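A quick write-up on the structure given underneath.
Numbering (this note's numbering), first residue to last: 355 to 654.
The structure is reproduced here in structure tokens:
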């Protein structure tokens with residue numbers, strides 16, 4: 355239930371206004387079909403078609419803004435796809451991509467790029483050319499690092515990196531002033547980098563299933579944070595600074611080693627959901643938390 359709750363919140367945030375609108379624009383299911391009205395063909399769906407290569411003739415559809423190639427067998431992003439200069443949404447989720455080409459940066463109008471569930475081990479520095487990119491989905495790959503040029507993607511609002519092999523983020527990540535959602539769950543992080551607290555626009559932060567033992571006091575700089583998920587780590591203490599996060603609505607800390615909460619936890623007056631199951635919290639401490647957070651749903 356808890357996982358569903360948070361997944362729903364995050365999914366709604368990331369996906370809002372990204373899907374094609376069949377009411378506004380027709381979604382074509384084949385190149386042949388779209389060619390009949392190619393000057394008005396803006397959306398093309400080739401999901402789960404068993405493709406090994408880009409659809410034949412797709413380069414003729416230069417008005418495309420939305421292209422869904424999810425669930426195929428593509429091993430590379432081929433030239434016909436990269437020729438579609440008006441693309442705003444490119445979905446390549448669940449393919450067999452091992453790399454992104456350097457010239458991915460020529461798709462300058464991209465707002466959303468989804469390459470999650472592939473076999474990527476690195477990313478090209480040319481991603482920095484995607485100045486309009488707001489949503490970057492990179493989950494479930496084999497990434498061990500991000501290019502330092504990621505900091506030049508100034509429009510990014512959502513960055514999904516869960517289920518990779520990351521143990522650090524480049525310092526340049528702090529240049530993403532518009533970032534609202536950062537998902538780092540299921541990686542190899544052993545510490546919460548104090549620099550992350552410079553991401554002052556963050557509203558959603560997911561760090562579940564890592565190896566964190568503590569938070570820095572600088573977490574108090576994340577003043578817009580609404581949802582913080584740190585399940586299944588090795589936390590034993592929370593900094594007092596976390597009690598200054600006045601906008602925090604959901605805090606999930608299940609399966610850690612927390613025995614006691616900060617003295618001023620009651621300052622989190624907007625907290626609606628607190629998940630603490632799997633922590634060695636005494637009955638006395640549970641009662642104290644319940645008393646100082648009377649309007650919060652608490653799960654032990």
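Where is the CB? At the ideal position from N, CA and C, for every residue including glycine. All of these numbers come straight from a predicted model, not from anything done at the bench.
At what residues does the beta strand (DSSP E) containing residue 629 begin and finish?
In the chain shown, residue 629 corresponds to position 275, counting from 1. Per DSSP, residue 629 belongs to the beta strand (DSSP E) from 627-629.
Under the rule that 16 or more other beta-carbon atoms within 10 Å means buried, what is residue 377, buried or exposed?
Looking up residue 377 in the chain shown gives position 23. At residue 377, the pLDDT of 45 sits below 50, so the modelled position is not reliable; the number obtained from the coordinates is stated separately. When all chains shown are included, residue 377 counts as exposed.
With H, G and I counted as helix, E and B as strand and the rest as coil, what does DSSP make of residue 642?
Taking the chain shown and counting its residues from 1, the one referred to as residue 642 is at position 288. It is helical.
I think residue 404 touches residue 426, with their Cβ atoms under 8 Å apart; what is that distance to the nearest whole Å?
On the chain shown, position 50 is the one that residue 404 refers to. On the chain shown, position 72 is the one that residue 426 refers to. Yes, they are in contact, since the Cβ atoms of residue 404 and residue 426 sit about 7 Å apart, within 8 Å.
Span of the alpha helix (DSSP H) around residue 435
Indexing the chain shown from 1 puts residue 435 at position 81. From DSSP, the alpha helix (DSSP H) with residue 435 extends over 433-436.
Taking all protein chains shown into account, decide if residue 410 is buried (16 or more other Cβ within 10 angstroms of its Cβ) or exposed.
For the purposes of this step, residue 410 is identified with residue 56 of the chain shown, where counting begins at 1. With fewer than 16 other Cβ atoms within 10 Å, it is exposed.
Counting only runs of 4+ residues fully inside the region 487-516, write out the alpha helix (DSSP H) ranges in chain order.
Complete alpha helix (DSSP H) runs here, min 4: none at all.
Using a threshold of 8 Å, state whether the C-beta atoms of residue 544 and residue 568 are closer than that.
Position 190 of the chain shown, counted from the start, is the residue given in the question as residue 544. Position 214 of the chain shown, counted from the start, is the residue given in the question as residue 568. Their beta carbons are not under 8 Å apart, which means residue 544 does not touch residue 568 by this criterion.
Which residues in the same chain as residue 646 place their Cβ atom closer than 8 Å to its Cβ, once the five residues preceding and following it in sequence are excluded?
On the chain shown, residue 646 is found 292 positions in, with the first residue counted as 1. Closer than 8 Å at the Cβ level, and outside the excluded window around residue 646, lie 619, 620.
Got a sec? Which residues, its chain only, sit under 8 Å from residue 436 by beta carbon, not counting five neighbours each side?
Walking along the chain shown from the start, residue 436 turns up at place 82. Spatial neighbours of residue 436 in its own chain (CB-CB distance under 8 Å, excluding positions within 5 residues in sequence) are listed in chain order as 455, 457, 458, 460, 461.
Whether or not the region 497-507 and the region 545-552 are in contact is what I'm after, with contact meaning three or more pairs of Cβ atoms, one per stretch, closer than 8 Å; do they touch?
no
Per-residue DSSP class, three states only, for residue 465
What you label residue 465 is simply residue 111 of the chain shown in a count that begins at 1. The answer is coil: DSSP assigns residue 465 none of H, G, I, E or B.
Tell me the DSSP secondary structure of residue 604 in three-state form.
Here residue 604 refers to the residue found at position 250 of the chain shown. It is a strand residue.
Secondary structure of residue 457, DSSP reduced to three states
Locating residue 457 in the chain shown gives position 103, counting from the first residue. Residue 457 falls in the helix class under three-state DSSP.
Less than 7 Å between C-beta atoms, sequence neighbours within five positions excluded: which residues of the same chain meet that for residue 396?
In the chain shown, the residue the question calls residue 396 occupies position 42. Contacts found: 379, 417, 418, 419, 420.
By how many angstroms is the C-alpha of residue 390 removed from the C-alpha of residue 360?
Within the chain shown, residue 360 is the residue found at index 6, counting from 1. Within the chain shown, residue 390 is the residue found at index 36, counting from 1. Any reading at residue 360 is ruled out, since the residue's pLDDT is 44, under 50, leaving its predicted position unreliable.
Distance between beta carbons of residue 631 and residue 604, contact taken as under 8 Å:
The residue labelled residue 604 in the question sits at position 250 within the chain shown. The residue labelled residue 631 in the question sits at position 277 within the chain shown. About 14 Å separates the two Cβ atoms, so there is no contact after all.
Continuous alpha helix (DSSP H) stretch holding residue 385: start and end
Position 31 of the chain shown, counted from the first residue, corresponds to residue 385. From DSSP, the alpha helix (DSSP H) with residue 385 extends over 385-389.
Three-state secondary structure assigned by DSSP to residue 479
Your numbering for residue 479 matches position 125 in the chain shown. Helix.
By Cβ distance below 6 Å, which residues in the same chain neighbour residue 438 in space, the five residues on each side in sequence not counted?
Numbered from its first residue, the chain shown carries residue 438 at position 84. Correct list, in chain order: 418.
Could you say which of 518, 588, 633 lies nearest to residue 495 if we only look at CA atoms?
Reading the chain shown from its first residue, position 141 is the one you call residue 495. When only C-alpha atoms are compared, the closest one is 518.
Which term fits residue 615, buried or exposed, when burial requires 16 or more other beta carbons within 10 angstroms of its beta carbon?
Counted from its first residue, the chain shown places residue 615 at position 261. Flag for residue 615 reads buried.
In DSSP terms, what residue 382 is bridged to
Sequence index remark: in the chain shown, residue 382 carries index 28 (1-based). Paired residues: 398.
Just to check my reading of the structure: residue 561 and residue 596 have Cβ atoms closer than 8 Å, yes? What is that Cβ distance to the nearest angstrom?
Counted from its first residue, the chain shown places residue 561 at position 207. Counted from its first residue, the chain shown places residue 596 at position 242. Actually they are not in contact, since the Cβ atoms of residue 561 and residue 596 sit about 13 Å apart, beyond 8 Å.
Can you give me the C-alpha to C-alpha distance between residue 650 and residue 607, rounded to a whole angstrom?
The residue labelled residue 650 in the question sits at position 296 within the chain shown. The residue labelled residue 607 in the question sits at position 253 within the chain shown. Approximately 15 Å, taken between the alpha carbons.
Where residue 560 falls: helix, strand or coil (DSSP):
The residue you call residue 560 lines up with position 206 of the chain shown. Strand, per DSSP.
Residue 651: first and last residue of the uninterrupted beta strand (DSSP E) it sits in
By one-based count along the chain shown, residue 651 stands at place 297. Element bounds for residue 651: 651-653.
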